[in-house]
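This note's numbering numbers the first residue of the sequence shown as 231 and each following residue consecutively.
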Amino acid sequence: MKRLLLFSILFLAITPIFSQSYFKDGLSAEWHRERRDELRKLMPANSMAIFFNNPVKNRSNDVDFIYHPDTDFFYLTGFREPNAALIIFSEKRQLEGIETDELIYVQPRDPRAEMWNGKRLGQEGVRELLGFDQVYLFEDFGKKPQLNAADFDKILTLSLTMEIEGSSANAPLRRMVSTFKKNSNYPEEGSEVTLQMYNLIRATDIENSANVAQIIGRYRQRYPEIEKDPVLQDFLKAETPEQRMEVKNKVPENKTDVFALSQMMDQLREVKTAEEIKLLQKAAKISAVGQIEVMKATQPGMSEREIQGIHEFIYKRYGAEGIGYPSIVGGGNNGCILHYIENDMAHINERLVLMDLGAEWRGYTADVTRTIPVSGKFSPEERAIYELVLKSQEAGIELCKPGVEFSEIGRVTREIINEGLAELGIIKKGQRHNYFPHGTSHHLGLDVHDRGGYGPLKEGMVLTVEPGIYIPEGSDCDPKWWGIAVRIEDDILISPEGPVNLSGDAPRTVAGIEQMMRIPSVLENWVLPEID
231 MKRLLLFSIL FLAITPIFSQ SYFKDGLSAE WHRERRDELR KLMPANSMAI FFNNPVKNRS
291 NDVDFIYHPD TDFFYLTGFR EPNAALIIFS EKRQLEGIET DELIYVQPRD PRAEMWNGKR
351 LGQEGVRELL GFDQVYLFED FGKKPQLNAA DFDKILTLSL TMEIEGSSAN APLRRMVSTF
411 KKNSNYPEEG SEVTLQMYNL IRATDIENSA NVAQIIGRYR QRYPEIEKDP VLQDFLKAET
471 PEQRMEVKNK VPENKTDVFA LSQMMDQLRE VKTAEEIKLL QKAAKISAVG QIEVMKATQP
531 GMSEREIQGI HEFIYKRYGA EGIGYPSIVG GGNNGCILHY IENDMAHINE RLVLMDLGAE
591 WRGYTADVTR TIPVSGKFSP EERAIYELVL KSQEAGIELC KPGVEFSEIG RVTREIINEG
651 LAELGIIKKG QRHNYFPHGT SHHLGLDVHD RGGYGPLKEG MVLTVEPGIY IPEGSDCDPK
711 WWGIAVRIED DILISPEGPV NLSGDAPRTV AGIEQMMRIP SVLENWVLPE ID
(Lines of atoms letter the chains of each structure in order from A and count residues from 1; the text may use other names and numbers.)
(Lines give C-alpha, C1' and ligand atoms only; values in the text may rest on other atoms or scores of the structure.)
Protein backbone atom coordinates (compact mmCIF):
# COMPACT_ATOMS: atom_id res chain seq x y z
CA MET A 1 0.00 0.00 0.00
CA LYS A 2 2.85 2.37 0.88
CA ARG A 3 4.57 1.57 -2.43
CA LEU A 4 1.35 2.23 -4.33
CA LEU A 5 0.89 5.56 -2.54
CA LEU A 6 4.50 6.53 -3.24
CA PHE A 7 4.05 5.64 -6.93
CA SER A 8 0.90 7.78 -7.10
CA ILE A 9 2.71 10.75 -5.55
CA LEU A 10 5.64 10.38 -7.95
CA PHE A 11 3.29 10.03 -10.92
CA LEU A 12 1.50 13.22 -9.99
CA ALA A 13 4.81 15.01 -9.46
CA ILE A 14 6.18 14.17 -12.90
CA THR A 15 3.01 14.75 -14.93
CA PRO A 16 1.78 18.26 -14.08
CA ILE A 17 2.36 19.24 -17.69
CA PHE A 18 -0.90 17.50 -18.57
CA SER A 19 -2.98 19.43 -16.03
CA GLN A 20 -1.86 23.03 -16.45
CA SER A 21 -0.68 25.55 -19.02
CA TYR A 22 2.87 25.57 -20.37
CA PHE A 23 3.22 28.47 -17.95
CA LYS A 24 1.30 28.55 -14.69
CA ASP A 25 0.79 32.27 -15.23
CA GLY A 26 0.09 32.02 -18.95
CA LEU A 27 -3.17 31.87 -20.88
CA SER A 28 -5.57 29.06 -20.01
CA ALA A 29 -6.99 26.38 -22.30
CA GLU A 30 -10.41 27.96 -21.70
CA TRP A 31 -9.12 31.31 -22.96
CA HIS A 32 -7.85 29.77 -26.20
CA ARG A 33 -11.15 27.92 -26.63
CA GLU A 34 -13.04 31.20 -26.28
CA ARG A 35 -10.85 32.70 -29.01
CA ARG A 36 -11.79 29.85 -31.34
CA ASP A 37 -15.46 30.42 -30.52
CA GLU A 38 -15.08 34.12 -31.34
CA LEU A 39 -13.54 33.22 -34.70
CA ARG A 40 -16.50 30.95 -35.49
CA LYS A 41 -18.82 33.93 -35.04
CA LEU A 42 -16.97 35.72 -37.84
CA MET A 43 -16.81 32.77 -40.22
CA PRO A 44 -19.43 32.40 -42.96
CA ALA A 45 -21.94 29.58 -42.64
CA ASN A 46 -20.82 26.11 -43.70
CA SER A 47 -17.14 27.03 -43.81
CA MET A 48 -13.90 25.67 -42.47
CA ALA A 49 -10.70 27.51 -41.53
CA ILE A 50 -7.29 25.88 -41.50
CA PHE A 51 -4.07 27.03 -39.83
CA PHE A 52 -0.58 25.51 -39.93
CA ASN A 53 2.03 26.11 -37.26
CA ASN A 54 5.40 27.58 -38.18
CA PRO A 55 8.11 25.41 -39.73
CA VAL A 56 11.43 24.82 -38.01
CA LYS A 57 14.09 27.31 -39.15
CA ASN A 58 17.71 26.27 -39.63
CA ARG A 59 20.42 28.44 -38.07
CA SER A 60 23.58 26.68 -39.17
CA ASN A 61 24.41 23.15 -40.31
CA ASP A 62 22.53 20.85 -37.89
CA VAL A 63 21.55 23.61 -35.44
CA ASP A 64 18.07 25.16 -35.61
CA PHE A 65 16.78 28.45 -34.25
CA ILE A 66 14.77 28.26 -31.05
CA TYR A 67 11.28 27.35 -32.18
CA HIS A 68 8.60 30.03 -32.10
CA PRO A 69 5.01 29.13 -32.97
CA ASP A 70 2.94 31.00 -35.51
CA THR A 71 1.19 33.65 -33.45
CA ASP A 72 -2.27 33.02 -34.94
CA PHE A 73 -1.86 29.31 -34.20
CA PHE A 74 -0.76 30.04 -30.63
CA TYR A 75 -3.58 32.54 -30.14
CA LEU A 76 -6.17 29.91 -31.03
CA THR A 77 -4.57 26.86 -29.39
CA GLY A 78 -1.75 27.66 -26.95
CA PHE A 79 0.28 24.98 -28.76
CA ARG A 80 4.02 25.55 -29.14
CA GLU A 81 5.24 22.61 -31.26
CA PRO A 82 5.95 22.32 -35.00
CA ASN A 83 4.30 20.02 -37.55
CA ALA A 84 0.80 20.89 -36.42
CA ALA A 85 -2.43 21.86 -38.15
CA LEU A 86 -5.71 23.23 -36.81
CA ILE A 87 -9.09 22.97 -38.54
CA ILE A 88 -12.05 24.99 -37.26
CA PHE A 89 -15.60 24.49 -38.51
CA SER A 90 -18.18 27.27 -38.45
CA GLU A 91 -20.71 24.82 -37.02
CA LYS A 92 -20.55 21.40 -35.41
CA ARG A 93 -20.31 18.56 -37.94
CA GLN A 94 -20.77 14.82 -37.89
CA LEU A 95 -17.49 13.20 -38.92
CA GLU A 96 -17.38 9.42 -38.90
CA GLY A 97 -19.90 9.28 -36.10
CA ILE A 98 -18.30 12.05 -34.04
CA GLU A 99 -19.80 15.50 -33.61
CA THR A 100 -17.17 18.24 -33.41
CA ASP A 101 -16.38 21.80 -34.45
CA GLU A 102 -12.58 21.49 -34.57
CA LEU A 103 -9.69 19.13 -35.26
CA ILE A 104 -6.04 19.44 -34.37
CA TYR A 105 -3.14 17.42 -35.80
CA VAL A 106 0.11 17.14 -33.83
CA GLN A 107 3.37 15.25 -33.77
CA PRO A 108 3.50 11.98 -31.81
CA ARG A 109 5.38 11.33 -28.60
CA ASP A 110 8.87 10.05 -29.41
CA PRO A 111 11.20 9.15 -26.50
CA ARG A 112 14.34 9.37 -28.64
CA ALA A 113 13.44 12.75 -30.16
CA GLU A 114 12.36 14.05 -26.75
CA MET A 115 15.68 13.01 -25.24
CA TRP A 116 17.41 15.36 -27.67
CA ASN A 117 14.92 18.18 -28.18
CA GLY A 118 12.55 18.25 -25.23
CA LYS A 119 9.19 16.83 -24.25
CA ARG A 120 6.30 16.68 -26.69
CA LEU A 121 2.68 16.79 -25.58
CA GLY A 122 1.43 14.16 -28.00
CA GLN A 123 -2.27 13.39 -28.38
CA GLU A 124 -2.98 12.85 -24.69
CA GLY A 125 -1.10 15.95 -23.63
CA VAL A 126 -3.00 18.13 -26.09
CA ARG A 127 -6.30 16.69 -24.85
CA GLU A 128 -5.47 17.17 -21.19
CA LEU A 129 -3.45 20.38 -21.33
CA LEU A 130 -5.07 22.32 -24.17
CA GLY A 131 -8.62 21.02 -23.93
CA PHE A 132 -9.07 19.58 -27.44
CA ASP A 133 -11.36 16.56 -27.85
CA GLN A 134 -10.45 15.52 -31.38
CA VAL A 135 -6.67 15.19 -31.55
CA TYR A 136 -4.96 13.34 -34.38
CA LEU A 137 -1.40 12.70 -35.48
CA PHE A 138 0.04 14.55 -38.46
CA GLU A 139 0.16 11.29 -40.39
CA ASP A 140 -3.67 11.19 -40.18
CA PHE A 141 -4.04 14.53 -41.97
CA GLY A 142 -6.24 14.19 -45.05
CA LYS A 143 -7.18 10.64 -44.08
CA LYS A 144 -8.76 10.64 -40.65
CA PRO A 145 -11.41 11.82 -40.35
CA GLN A 146 -12.30 12.12 -44.03
CA LEU A 147 -13.13 15.66 -45.16
CA ASN A 148 -14.56 16.57 -48.55
CA ALA A 149 -14.02 20.10 -49.83
CA ALA A 150 -17.28 19.78 -51.76
CA ASP A 151 -19.17 19.71 -48.45
CA PHE A 152 -18.15 23.30 -47.63
CA ASP A 153 -19.27 26.55 -49.19
CA LYS A 154 -16.03 28.26 -48.18
CA ILE A 155 -12.54 27.14 -47.17
CA LEU A 156 -10.56 29.81 -45.34
CA THR A 157 -6.80 29.84 -45.01
CA LEU A 158 -3.89 32.23 -44.72
CA SER A 159 -1.12 32.65 -47.26
CA LEU A 160 0.54 29.33 -48.08
CA THR A 161 3.38 30.79 -50.10
CA MET A 162 5.77 30.54 -47.15
CA GLU A 163 8.93 28.63 -47.88
CA ILE A 164 9.19 25.48 -45.78
CA GLU A 165 12.86 24.61 -45.39
CA GLY A 166 13.86 21.25 -46.76
CA SER A 167 15.10 19.58 -43.59
CA SER A 168 13.52 16.33 -42.44
CA ALA A 169 12.20 18.18 -39.39
CA ASN A 170 9.65 19.90 -41.63
CA ALA A 171 8.68 16.89 -43.75
CA PRO A 172 5.32 16.32 -41.96
CA LEU A 173 4.37 19.98 -42.38
CA ARG A 174 5.24 19.93 -46.08
CA ARG A 175 3.07 16.84 -46.55
CA MET A 176 0.11 18.40 -44.73
CA VAL A 177 0.30 21.65 -46.70
CA SER A 178 0.63 19.75 -49.98
CA THR A 179 -2.33 17.52 -49.09
CA PHE A 180 -4.47 20.52 -48.21
CA LYS A 181 -3.60 22.33 -51.44
CA LYS A 182 -4.48 19.26 -53.48
CA ASN A 183 -7.77 18.56 -51.69
CA SER A 184 -8.91 22.21 -51.72
CA ASN A 185 -7.89 22.93 -55.33
CA TYR A 186 -5.32 25.47 -54.12
CA PRO A 187 -3.02 26.15 -57.09
CA GLU A 188 0.24 24.33 -56.37
CA GLU A 189 2.37 26.70 -58.41
CA GLY A 190 0.34 29.77 -57.70
CA SER A 191 -0.14 32.02 -54.77
CA GLU A 192 -2.73 34.20 -53.13
CA VAL A 193 -2.11 36.68 -55.95
CA THR A 194 -3.37 34.16 -58.49
CA LEU A 195 -6.48 33.53 -56.40
CA GLN A 196 -7.04 37.25 -56.08
CA MET A 197 -6.88 37.65 -59.86
CA TYR A 198 -9.36 34.79 -60.24
CA ASN A 199 -11.72 36.54 -57.83
CA LEU A 200 -11.45 39.78 -59.81
CA ILE A 201 -12.33 37.99 -63.05
CA ARG A 202 -15.26 36.14 -61.47
CA ALA A 203 -16.66 39.41 -60.12
CA THR A 204 -16.39 41.41 -63.35
CA ASP A 205 -19.07 42.00 -65.92
CA ILE A 206 -18.60 42.61 -69.61
CA GLU A 207 -18.54 46.41 -69.24
CA ASN A 208 -15.71 46.37 -66.64
CA SER A 209 -13.64 43.51 -68.01
CA ALA A 210 -11.15 45.87 -69.70
CA ASN A 211 -10.45 47.57 -66.34
CA VAL A 212 -9.84 44.19 -64.70
CA ALA A 213 -7.43 43.28 -67.50
CA GLN A 214 -5.51 46.50 -66.82
CA ILE A 215 -5.28 45.68 -63.11
CA ILE A 216 -3.97 42.18 -63.82
CA GLY A 217 -1.52 43.63 -66.34
CA ARG A 218 -0.07 45.96 -63.70
CA TYR A 219 0.39 43.06 -61.27
CA ARG A 220 2.08 40.95 -63.95
CA GLN A 221 5.37 42.85 -63.67
CA ARG A 222 5.62 42.19 -59.93
CA TYR A 223 4.31 38.62 -59.72
CA PRO A 224 5.81 36.14 -62.21
CA GLU A 225 3.20 33.49 -61.31
CA ILE A 226 0.69 35.51 -63.36
CA GLU A 227 2.85 34.93 -66.44
CA LYS A 228 2.74 31.18 -65.80
CA ASP A 229 -1.03 30.90 -65.36
CA PRO A 230 -2.73 30.01 -68.69
CA VAL A 231 -6.16 31.32 -67.67
CA LEU A 232 -4.80 34.72 -66.64
CA GLN A 233 -2.73 34.90 -69.80
CA ASP A 234 -5.78 34.13 -71.95
CA PHE A 235 -7.71 36.88 -70.17
CA LEU A 236 -4.91 39.37 -70.83
CA LYS A 237 -4.61 38.37 -74.49
CA ALA A 238 -8.36 38.57 -75.16
CA GLU A 239 -9.04 41.41 -77.59
CA THR A 240 -12.73 41.99 -76.96
CA PRO A 241 -15.04 42.05 -73.92
CA GLU A 242 -16.84 39.01 -75.32
CA GLN A 243 -13.57 37.02 -75.46
CA ARG A 244 -12.84 38.00 -71.85
CA MET A 245 -16.24 36.68 -70.81
CA GLU A 246 -15.42 33.39 -72.51
CA VAL A 247 -12.23 33.19 -70.44
CA LYS A 248 -14.24 34.05 -67.33
CA ASN A 249 -16.17 30.82 -67.78
CA LYS A 250 -12.86 28.92 -67.73
CA VAL A 251 -11.69 30.26 -64.35
CA PRO A 252 -11.27 27.16 -62.15
CA GLU A 253 -13.90 26.84 -59.46
CA ASN A 254 -12.22 27.46 -56.12
CA LYS A 255 -13.79 27.81 -52.73
CA THR A 256 -10.48 28.66 -51.10
CA ASP A 257 -10.30 32.20 -49.70
CA VAL A 258 -6.85 33.42 -48.63
CA PHE A 259 -7.93 36.95 -47.69
CA ALA A 260 -10.95 36.84 -45.39
CA LEU A 261 -9.29 34.81 -42.61
CA SER A 262 -6.50 37.34 -42.22
CA GLN A 263 -9.05 40.12 -41.82
CA MET A 264 -10.90 38.05 -39.21
CA MET A 265 -7.71 37.52 -37.22
CA ASP A 266 -6.96 41.25 -37.44
CA GLN A 267 -10.38 41.94 -35.96
CA LEU A 268 -9.97 39.39 -33.17
CA ARG A 269 -6.45 40.30 -32.14
CA GLU A 270 -6.55 44.10 -32.31
CA VAL A 271 -8.51 44.41 -29.02
CA LYS A 272 -6.85 42.68 -26.09
CA THR A 273 -8.69 40.79 -23.37
CA ALA A 274 -7.98 41.38 -19.68
CA GLU A 275 -5.75 38.30 -19.67
CA GLU A 276 -3.66 39.60 -22.57
CA ILE A 277 -3.35 43.06 -21.03
CA LYS A 278 -1.98 41.50 -17.85
CA LEU A 279 0.75 39.70 -19.83
CA LEU A 280 1.59 42.79 -21.88
CA GLN A 281 1.82 44.85 -18.71
CA LYS A 282 4.29 42.36 -17.22
CA ALA A 283 6.40 42.39 -20.40
CA ALA A 284 6.42 46.20 -20.41
CA LYS A 285 7.36 46.48 -16.74
CA ILE A 286 10.25 44.03 -17.16
CA SER A 287 11.45 45.98 -20.20
CA ALA A 288 11.21 49.24 -18.24
CA VAL A 289 13.32 47.79 -15.42
CA GLY A 290 15.89 46.80 -18.04
CA GLN A 291 16.03 50.43 -19.22
CA ILE A 292 16.37 51.67 -15.63
CA GLU A 293 19.22 49.32 -14.75
CA VAL A 294 21.07 50.21 -17.96
CA MET A 295 20.71 53.90 -17.15
CA LYS A 296 22.42 53.23 -13.83
CA ALA A 297 25.15 51.03 -15.32
CA THR A 298 26.03 52.90 -18.52
CA GLN A 299 29.31 54.79 -18.62
CA PRO A 300 31.77 55.92 -21.32
CA GLY A 301 33.75 53.09 -22.86
CA MET A 302 31.03 50.48 -22.67
CA SER A 303 30.19 48.53 -25.82
CA GLU A 304 26.80 48.31 -27.48
CA ARG A 305 26.80 44.57 -26.93
CA GLU A 306 27.49 44.98 -23.22
CA ILE A 307 24.50 47.30 -22.90
CA GLN A 308 22.37 44.81 -24.84
CA GLY A 309 23.53 42.07 -22.47
CA ILE A 310 22.41 43.98 -19.38
CA HIS A 311 18.95 44.50 -20.83
CA GLU A 312 18.54 40.85 -21.74
CA PHE A 313 20.00 39.67 -18.41
CA ILE A 314 17.25 41.62 -16.65
CA TYR A 315 14.64 39.91 -18.83
CA LYS A 316 16.01 36.47 -17.99
CA ARG A 317 16.34 37.37 -14.33
CA TYR A 318 12.58 37.93 -14.21
CA GLY A 319 11.92 34.68 -16.08
CA ALA A 320 10.96 36.10 -19.48
CA GLU A 321 11.26 33.40 -22.11
CA GLY A 322 13.03 35.60 -24.59
CA ILE A 323 13.06 38.84 -26.55
CA GLY A 324 10.18 39.92 -28.73
CA TYR A 325 12.45 41.03 -31.59
CA PRO A 326 16.20 41.49 -32.17
CA SER A 327 17.56 44.04 -29.69
CA ILE A 328 18.59 47.44 -31.07
CA VAL A 329 21.41 49.27 -29.28
CA GLY A 330 22.85 52.06 -31.41
CA GLY A 331 25.51 54.42 -30.16
CA GLY A 332 25.96 57.77 -31.91
CA ASN A 333 25.41 57.55 -35.65
CA ASN A 334 24.41 53.89 -35.38
CA GLY A 335 21.17 55.09 -33.80
CA CYS A 336 20.25 56.59 -37.18
CA ILE A 337 19.88 53.04 -38.55
CA LEU A 338 16.28 52.21 -37.65
CA HIS A 339 16.70 48.44 -37.40
CA TYR A 340 20.35 48.36 -36.33
CA ILE A 341 20.92 44.94 -34.71
CA GLU A 342 24.67 44.37 -35.15
CA ASN A 343 25.34 46.15 -31.83
CA ASP A 344 29.07 45.77 -32.40
CA MET A 345 30.52 49.19 -31.54
CA ALA A 346 33.25 48.40 -29.02
CA HIS A 347 33.43 51.74 -27.22
CA ILE A 348 30.67 54.34 -26.92
CA ASN A 349 32.13 57.64 -25.74
CA GLU A 350 30.39 60.99 -25.23
CA ARG A 351 27.44 60.07 -27.40
CA LEU A 352 23.78 59.23 -27.20
CA VAL A 353 22.81 55.56 -27.23
CA LEU A 354 19.40 54.57 -28.58
CA MET A 355 18.06 51.38 -27.00
CA ASP A 356 14.97 49.71 -28.52
CA LEU A 357 14.29 46.41 -26.77
CA GLY A 358 11.36 44.35 -25.53
CA ALA A 359 10.94 41.33 -23.28
CA GLU A 360 8.62 38.53 -24.36
CA TRP A 361 6.42 37.35 -21.51
CA ARG A 362 4.29 34.25 -22.04
CA GLY A 363 4.17 34.92 -25.76
CA TYR A 364 3.46 38.67 -25.56
CA THR A 365 6.11 41.25 -26.29
CA ALA A 366 6.82 44.76 -25.09
CA ASP A 367 8.47 47.40 -27.29
CA VAL A 368 10.24 50.10 -25.32
CA THR A 369 12.82 52.65 -26.49
CA ARG A 370 14.89 55.07 -24.48
CA THR A 371 17.74 57.30 -25.62
CA ILE A 372 20.35 58.28 -23.05
CA PRO A 373 23.69 60.16 -22.97
CA VAL A 374 26.55 57.79 -22.22
CA SER A 375 28.28 60.56 -20.26
CA GLY A 376 25.24 60.93 -18.01
CA LYS A 377 24.40 64.44 -19.25
CA PHE A 378 22.83 65.65 -22.49
CA SER A 379 24.74 68.20 -24.54
CA PRO A 380 22.77 71.34 -25.55
CA GLU A 381 22.15 69.98 -29.05
CA GLU A 382 21.19 66.52 -27.78
CA ARG A 383 18.87 68.07 -25.23
CA ALA A 384 17.15 70.24 -27.85
CA ILE A 385 16.45 67.26 -30.11
CA TYR A 386 15.43 65.06 -27.19
CA GLU A 387 12.93 67.54 -25.78
CA LEU A 388 11.40 68.02 -29.23
CA VAL A 389 10.86 64.26 -29.58
CA LEU A 390 9.45 64.10 -26.04
CA LYS A 391 7.04 66.94 -26.77
CA SER A 392 5.88 65.08 -29.86
CA GLN A 393 5.49 61.82 -27.97
CA GLU A 394 3.51 63.37 -25.13
CA ALA A 395 1.09 64.89 -27.65
CA GLY A 396 0.74 61.50 -29.34
CA ILE A 397 0.08 59.69 -26.05
CA GLU A 398 -2.55 62.27 -25.11
CA LEU A 399 -4.47 61.33 -28.28
CA CYS A 400 -4.65 57.64 -27.31
CA LYS A 401 -8.34 57.58 -26.44
CA PRO A 402 -11.30 55.57 -27.77
CA GLY A 403 -12.68 57.03 -31.01
CA VAL A 404 -9.55 58.94 -32.09
CA GLU A 405 -8.38 57.96 -35.57
CA PHE A 406 -5.17 55.92 -35.57
CA SER A 407 -3.72 58.18 -38.25
CA GLU A 408 -4.27 61.28 -36.11
CA ILE A 409 -1.42 60.21 -33.78
CA GLY A 410 1.03 60.20 -36.65
CA ARG A 411 -0.25 63.45 -38.09
CA VAL A 412 0.06 65.40 -34.84
CA THR A 413 3.44 63.99 -33.80
CA ARG A 414 4.91 64.65 -37.24
CA GLU A 415 3.56 68.20 -37.29
CA ILE A 416 5.25 68.97 -33.97
CA ILE A 417 8.57 67.56 -35.13
CA ASN A 418 8.42 69.43 -38.44
CA GLU A 419 7.77 72.73 -36.67
CA GLY A 420 10.50 72.06 -34.12
CA LEU A 421 13.12 71.14 -36.72
CA ALA A 422 12.36 74.38 -38.54
CA GLU A 423 12.68 76.42 -35.34
CA LEU A 424 16.09 74.81 -34.69
CA GLY A 425 17.22 75.71 -38.21
CA ILE A 426 17.72 72.08 -39.24
CA ILE A 427 15.13 72.38 -42.02
CA LYS A 428 13.25 75.24 -43.63
CA LYS A 429 9.57 75.60 -42.79
CA GLY A 430 7.52 73.28 -44.98
CA GLN A 431 10.62 71.49 -46.31
CA ARG A 432 10.34 67.76 -46.97
CA HIS A 433 12.93 65.75 -45.08
CA ASN A 434 13.88 62.26 -43.96
CA TYR A 435 14.73 62.96 -40.34
CA PHE A 436 11.53 61.22 -39.15
CA PRO A 437 11.18 58.39 -41.69
CA HIS A 438 8.87 55.94 -39.90
CA GLY A 439 5.33 55.77 -38.58
CA THR A 440 4.51 56.77 -35.02
CA SER A 441 2.40 53.83 -33.86
CA HIS A 442 1.65 50.16 -34.37
CA HIS A 443 -0.35 47.51 -32.55
CA LEU A 444 1.43 45.43 -29.91
CA GLY A 445 0.70 41.91 -28.72
CA LEU A 446 1.87 38.44 -29.69
CA ASP A 447 3.81 40.15 -32.48
CA VAL A 448 5.81 43.31 -31.96
CA HIS A 449 3.99 44.67 -35.02
CA ASP A 450 0.74 43.01 -34.09
CA ARG A 451 -2.43 42.39 -36.04
CA GLY A 452 -5.11 45.03 -36.04
CA GLY A 453 -6.89 47.67 -38.05
CA TYR A 454 -5.94 51.32 -38.41
CA GLY A 455 -9.25 53.08 -38.01
CA PRO A 456 -10.69 54.57 -34.80
CA LEU A 457 -8.97 53.52 -31.56
CA LYS A 458 -10.92 51.09 -29.39
CA GLU A 459 -10.87 50.34 -25.69
CA GLY A 460 -8.48 47.44 -25.05
CA MET A 461 -6.07 48.16 -27.89
CA VAL A 462 -2.38 48.33 -26.99
CA LEU A 463 -0.16 50.36 -29.30
CA THR A 464 3.19 52.07 -29.35
CA VAL A 465 3.81 55.80 -29.58
CA GLU A 466 7.35 56.28 -30.88
CA PRO A 467 8.31 59.47 -32.67
CA GLY A 468 11.97 59.95 -33.47
CA ILE A 469 14.53 62.23 -35.06
CA TYR A 470 17.63 60.86 -36.82
CA ILE A 471 20.31 63.13 -38.25
CA PRO A 472 23.01 60.98 -39.89
CA GLU A 473 26.53 62.26 -40.36
CA GLY A 474 26.78 64.23 -43.59
CA SER A 475 23.21 65.54 -43.41
CA ASP A 476 22.31 68.86 -45.05
CA CYS A 477 22.36 70.86 -41.83
CA ASP A 478 24.85 72.32 -39.34
CA PRO A 479 27.40 69.56 -38.44
CA LYS A 480 26.73 70.17 -34.74
CA TRP A 481 23.56 68.10 -35.21
CA TRP A 482 25.24 65.22 -37.02
CA GLY A 483 25.09 61.79 -35.42
CA ILE A 484 22.20 62.67 -33.08
CA ALA A 485 19.49 60.00 -33.04
CA VAL A 486 16.61 60.08 -30.57
CA ARG A 487 13.60 57.80 -30.31
CA ILE A 488 11.28 57.55 -27.32
CA GLU A 489 8.80 54.69 -27.37
CA ASP A 490 6.17 53.55 -24.91
CA ASP A 491 3.43 50.92 -24.86
CA ILE A 492 0.01 52.53 -24.41
CA LEU A 493 -3.25 50.85 -23.39
CA ILE A 494 -6.42 52.50 -24.68
CA SER A 495 -8.87 52.79 -21.79
CA PRO A 496 -12.08 54.77 -21.09
CA GLU A 497 -10.21 56.79 -18.46
CA GLY A 498 -7.51 57.82 -20.92
CA PRO A 499 -4.14 56.45 -22.05
CA VAL A 500 -2.31 54.06 -19.71
CA ASN A 501 1.46 53.97 -20.20
CA LEU A 502 2.41 50.35 -19.48
CA SER A 503 6.14 51.12 -19.81
CA GLY A 504 6.06 54.45 -17.98
CA ASP A 505 8.26 53.24 -15.11
CA ALA A 506 11.36 53.97 -17.22
CA PRO A 507 12.26 57.69 -17.00
CA ARG A 508 11.79 59.61 -20.22
CA THR A 509 12.38 63.25 -19.32
CA VAL A 510 15.84 64.80 -19.51
CA ALA A 511 15.88 65.43 -15.77
CA GLY A 512 14.57 61.96 -14.97
CA ILE A 513 17.17 60.20 -17.12
CA GLU A 514 20.09 62.27 -15.83
CA GLN A 515 18.99 61.70 -12.24
CA MET A 516 18.65 57.94 -12.79
CA MET A 517 22.11 57.80 -14.36
CA ARG A 518 23.62 59.27 -11.18
CA ILE A 519 22.38 56.32 -9.10
CA PRO A 520 25.10 53.68 -8.55
CA SER A 521 24.61 50.36 -10.31
CA VAL A 522 24.84 46.97 -8.63
CA LEU A 523 27.09 46.00 -11.54
CA GLU A 524 29.78 48.58 -10.79
CA ASN A 525 31.78 46.23 -8.60
CA TRP A 526 31.33 43.25 -10.88
CA VAL A 527 34.79 42.82 -12.40
CA LEU A 528 35.49 39.96 -14.76
CA PRO A 529 39.01 38.65 -15.49
CA GLU A 530 40.78 39.91 -18.58
CA ILE A 531 40.87 37.40 -21.44
CA ASP A 532 43.43 37.82 -24.21
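Built from N, CA and C at the ideal position, the CB exists for glycine as well.
Exposure of residue i, with buried meaning 16 or more beta-carbon neighbours within 10 Å
i    : result
E612 : buried
E580 : exposed
R186 : The chain is shown from 231 up to 762; residue 186 falls before or after that span and cannot be answered.
I296 : exposed
G520 : buried
Y465 : The residue you asked about is not Tyr; residue 465 is Phe in the sequence shown. F465 comes out buried.
Q324 : exposed
P750 : exposed
A440 : exposed
K480 : exposed
I761 : exposed
T739 : exposed
D721 : buried
E472 : exposed
For residue i, three-class secondary structure by DSSP
i    : result
L325 : strand
A196 : No answer is possible for residue 196: the residues shown for the chain start at 231 and end at 762.
W712 : coil
V730 : strand
H541 : helix
F253 : coil
K412 : helix
H673 : strand
T601 : strand
E358 : helix
V619 : helix
M392 : coil
L584 : strand
G640 : helix
T330 : strand
I558 : strand
A315 : strand
A443 : helix
N288 : strand
R717 : strand
E369 : helix
I722 : strand
Contact check, residue i vs residue j, beta carbons under 7 Å
i    : j    : result
M746 : M532 : no
F281 : D302 : yes
T670 : G626 : yes
I718 : Y665 : no
M406 : A315 : yes
V672 : T694 : One point to set straight first is that residue 672 is His, not Val, in the sequence displayed. Yes, the pair counts as a contact, with Cβ atoms nearer than the cut-off.
L510 : V692 : yes
G704 : N563 : no
D487 : L386 : yes
L723 : E505 : no
Close beta carbons around residue i, own chain, < 8 Å, minus the five adjacent residues each side
i    : result
P686 : P632, G633, V634, E635 and F636
L272 : M494, Q497 and L498
H262 : Y305, L306, T307, G308, L360 and G361
Y555 : G588, T595, D597 and V678
E311 : N283, Y297, P299, V336, Q337, R350 and L351
L676 : T301, F304, Y305, R499, G593, Y594 and T595
Same chain only: Cβ atoms within 6 Å of residue i, ignoring 5 sequence neighbours per side
i    : result
G552 : E590
K663 : As written in the sequence, residue 663 is His, which differs from the Lys given in the question. Here the set comprises I657.
P402 : N313 and F368
Y416 : T486
Cβ neighbours of residue i in the same chain (closer than 7 Å, five flanking residues each side left out)
i    : result
I537 : V524, T528, V559, V583 and M585
I743 : M525, I602 and P737
I615 : I699, I714 and V716
Residue i beta carbon near the ligand MG (any heavy atom closer than 6 Å)
i    : result
M747 : Absence of the ligand MG is noted for the structure shown, with no ligands found whatsoever.
Report yes or no: do the region 645-653 and the region 557-571 share at least 3 C-beta pairs separated by less than 8 Å? no
Would the region 284-294 and the region 330-339 be scored as touching if the rule is three or more Cβ pairs under 8 Å? no
Does the contact criterion of 3 or more C-beta pairs under 8 Å hold for the region 725-735 versus the region 502-518? yes
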